[in-house]
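Number of protein chains: 2
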Amino acid sequence: MTNRRFTSLENPTNKETYKIIKEGLRKRAMIIIFSCCRVHYYGRAKSRLGLGERLIIIKPDGSFLIHQDRKVEPVNWQPPGSKAKVKIEDGKILVESRRRKPAEKLTVEIERVHTLSYYLVRDIHELEVAGHEEDMCQLILESPNIIEKGFRPIAREYQTSNGFIDILGKDENGSLMVLELKSRRAGVSAVRQLKRYLEDFKNDKHGVRGVLVAPSITHDAKELLEAEGLEFKSLEPPQELKKDNKITLDDFISSR
Amino acid sequence: MTNRRFTSLENPTNKETYKIIKEGLRKRAMIIIFSCCRVHYYGRAKSRLGLGERLIIIKPDGSFLIHQDRKVEPVNWQPPGSKAKVKIEDGKILVESRRRKPAEKLTVEIERVHTLSYYLVRDIHELEVAGHEEDMCQLILESPNIIEKGFRPIAREYQTSNGFIDILGKDENGSLMVLELKSRRAGVSAVRQLKRYLEDFKNDKHGVRGVLVAPSITHDAKELLEAEGLEFKSLEPPQELKKDNKITLDDFISSR
DNA sequence: ATATCAATGTCGGAG
DNA sequence: CTCCGACGTTGATAT
């Protein structure tokens, strides 16, 4: 069946398959193929996938996905900007996708097509999402007292020799506080990260407090944290979708 | 059209859509819907996606994907093990997917279906892939001399207070060598990682060498590496697909 | 283009 | 089940 917005075929011949894929690529359509195929990849790694039925998706932006009947991740893929081509070789349909840098090539050897279609997609909306580390950061800058009474932020993304501190501030006694934020349960790696940031402040005369801020913490992480004399503050990332005007650090005096 | 392996419809009515999705879910088929829809998610985060045309995939293992016409990643999804349901509410098709722990819910409000199909998928093959850190490790254990003449591995995944060392060994003079492997271009974070592992060996009498093993290294990482007196050894991850019997460390004497 | 960091990361393996 | 680290991570942002 064919209309203005999409074209769809069942059990097409090789000739039809070739024609429709070619047409879909030329129109920069979203192409969907359900077929029995083999897949080969060579580039950053190398992979091979034997014969089986999979869903193939070629998007207008060059993204190329091959999905098996399990898992969220595609079994093979190419990123946006890749160039797809279709060929017939020895009476078999080959679909290839290449990327230049790094050089990568994905080849799908199609044995038999079950359904084939392409769509001229109308979709202008972007996802609006809340509940990230960034949202926690905003929340703390808006309401520093949720960390503790008297906490004052000084800097955000403060650079150290071991990376960027999420939030640097002072407690009510004037001691420096280094906050490391995680939007989900924090593990030992988060504690190690915090520990590294503190190395730059080892000689600070007023003393420095390291605080891991996350909704929860693993047992091992808690142990390491306490062994290192660091602190944990439980905080859930806020999940409000309305796009609020962001608070900048201009509101705070960067006085360190 | 309907046959034993798949069912496919174009521009179905709500009633047909409901029936086919229900049937596909019951048969644990892979369901593919191209439709104009809205999407809501609530769980580890919260998100909203306005009206637009997207590809919806429901897999037999419970994975649920919504793909826009761009990017490799789905715009919304649910992991394997989630439970999908279809409803009609106020004359509109709703498809929901829930997960228990953590509690997550994805809701798709379908405005209009363009194509709808489900497949009973036959696919037994797993991906065979080569070119990982693991393959480099195997290669080095098989042929230690590629690191340097006289290099002898002692332990793999050797535990320190700062995490696991990829390979620990000795050079021909008996000095300890700590190898940190990366299957791609190494950055400063890799150097910092190596640096941390060495802390446990600061007092070793024979001296310890830290070696970063990777196909290449970033400029900043090279500088930091040299400033710390560490070394770089260029090594490409092998990309051989044949499943070779793995070498275990039983072949080496753990004598440290 | 390169480097760095977060993610509803996902996934696999070990305890 | 939880915890931990790798990934052809991807995607976004700053340099």
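In the order they appear, the protein sequences are chains A and B. Read left to right, the first sequence gives residues 1 to 256 (full-length UniProt numbering). Read left to right, the second sequence gives residues 1 to 256 (full-length UniProt numbering). Ideal placement from N, C-alpha and C gives every residue a C-beta, glycine not left out. The model shown is predicted, which means the values in this text are computed figures rather than measured ones.
DSSP beta-bridge partners of residue i
| i | result |
| --- | --- |
| isoleucine 146 of chain A | Answer is none; isoleucine 146 of chain A lacks a bridge partner. |
| histidine 40 of chain A | A/Arg48 and A/Thr107 |
| asparagine 76 of chain A | A/Ile66 |
| glycine 93 of chain A | Checking the displayed sequence, the identity of residue 93 of chain A turns out to be isoleucine instead of glycine. Looking at the DSSP assignment, isoleucine 93 of chain A forms a beta bridge with A/Ile88 and A/Ile110. |
| glutamine 159 of chain B | B/Phe164 |
| serine 117 of chain A | A/Ser8 and A/Ile32 |
| valine 188 of chain B | None; valine 188 of chain B has no bridge partner. |
| leucine 55 of chain B | B/Phe34 and B/His67 |
CB contact flag (residue i, residue j, <8 Å)
| i | j | result |
| --- | --- | --- |
| tyrosine 18 of chain A | isoleucine 93 of chain A | yes |
| alanine 236 of chain A | proline 215 of chain A | For clarity, residue 236 of chain A is glutamate in the given sequence; the question names alanine instead. Contact flag set, yes. |
| arginine 122 of chain B | glycine 52 of chain A | yes |
| phenylalanine 34 of chain A | threonine 115 of chain A | yes |
| residue 259 of chain B | isoleucine 66 of chain B | Nothing can be reported for residue 259 of chain B: it is not among the residues displayed for chain B, which extend from 1 to 256. |
| arginine 98 of chain A | glycine 81 of chain A | no |
| arginine 196 of chain A | arginine 192 of chain B | yes |
| aspartate 166 of chain B | glycine 150 of chain B | no |
| serine 183 of chain A | histidine 132 of chain A | yes |
| phenylalanine 6 of chain B | serine 117 of chain B | yes |
| phenylalanine 64 of chain A | leucine 25 of chain A | no |
| leucine 230 of chain B | valine 188 of chain B | no |
| serine 8 of chain A | glutamate 111 of chain B | no |
Distance cut-off 7 Å: residue i Cβ against heavy atoms of the ligand PLP
| i | result |
| --- | --- |
| leucine 241 of chain B | Absent from the structure shown: the ligand PLP. Ligands present: none. |
Residue environment, residue i, which counts as buried when at least 16 other CB atoms sit within 10 Å
| i | result |
| --- | --- |
| isoleucine 58 of chain B | buried |
| threonine 248 of chain B | Low local confidence applies: a pLDDT of 39 at threonine 248 of chain B is under 50, so the model's placement there is unreliable, and no value is given. |
| aspartate 250 of chain B | The pLDDT assigned to aspartate 250 of chain B is 41, lower than 50, so where the model puts this residue is not dependable, and the model offers no usable value. |
| alanine 190 of chain A | buried |
| lysine 101 of chain A | exposed |
| lysine 15 of chain A | exposed |
| serine 234 of chain A | exposed |
| alanine 103 of chain B | exposed |
| threonine 13 of chain A | exposed |
| leucine 194 of chain A | buried |
| serine 255 of chain B | Note that serine 255 of chain B has pLDDT 37, beneath the 50 cutoff, so the model's placement of it is unreliable and the number below is only indicative. Exposed is the call here. |
| phenylalanine 164 of chain B | exposed |
| isoleucine 56 of chain A | buried |
| residue 264 of chain B | Summary: the structure shown does not reach residue 264 of chain B, with chain B confined to residues 1 through 256, and so no result is reported for it. |
| glutamate 180 of chain A | buried |
| lysine 246 of chain B | Per-residue confidence for lysine 246 of chain B stands at a pLDDT of 39, beneath the threshold of 50, marking its modelled position as unreliable; no derived number is given. |
| glycine 91 of chain B | exposed |
| aspartate 244 of chain B | Bear in mind that a pLDDT of 41 at aspartate 244 of chain B, under 50, signals an unreliable position, so the model cannot answer this. |
Cβ separation of residue i and residue j, assumed to be a contact under 8 Å, to the nearest whole Å
| i | j | result |
| --- | --- | --- |
| glutamine 239 of chain B | alanine 45 of chain A | 6 Å |
| valine 108 of chain A | cysteine 37 of chain A | 5 Å |
| leucine 241 of chain B | arginine 4 of chain A | Not confirmed; about 45 Å, so no contact. |
| isoleucine 147 of chain B | leucine 168 of chain B | Not confirmed; about 12 Å, so no contact. |
| valine 75 of chain B | leucine 127 of chain A | 5 Å |
Problem - Stretch pair the stretch 195 to 207 of chain B + the stretch 150 to 165 of chain B: three plus CB contacts closer than 8 Å - result: yes
Practice task
Kindly confirm or deny that the stretch 172 to 189 of chain A and the stretch 208 to 220 of chain A touch, where touching means at least three C-beta pairs closer than 8 Å.
Solution key: yes
Practice task
Flag this pair as touching only if the stretch 133 to 142 of chain B and the stretch 69 to 84 of chain B have three or more C-beta atom pairs under 8 Å; answer yes or no.
Solution key: no
Practice task
Examine the Cβ distances between the stretch 23 to 41 of chain B and the stretch 80 to 87 of chain A and report whether three or more of them are shorter than 8 Å.
Solution key: no
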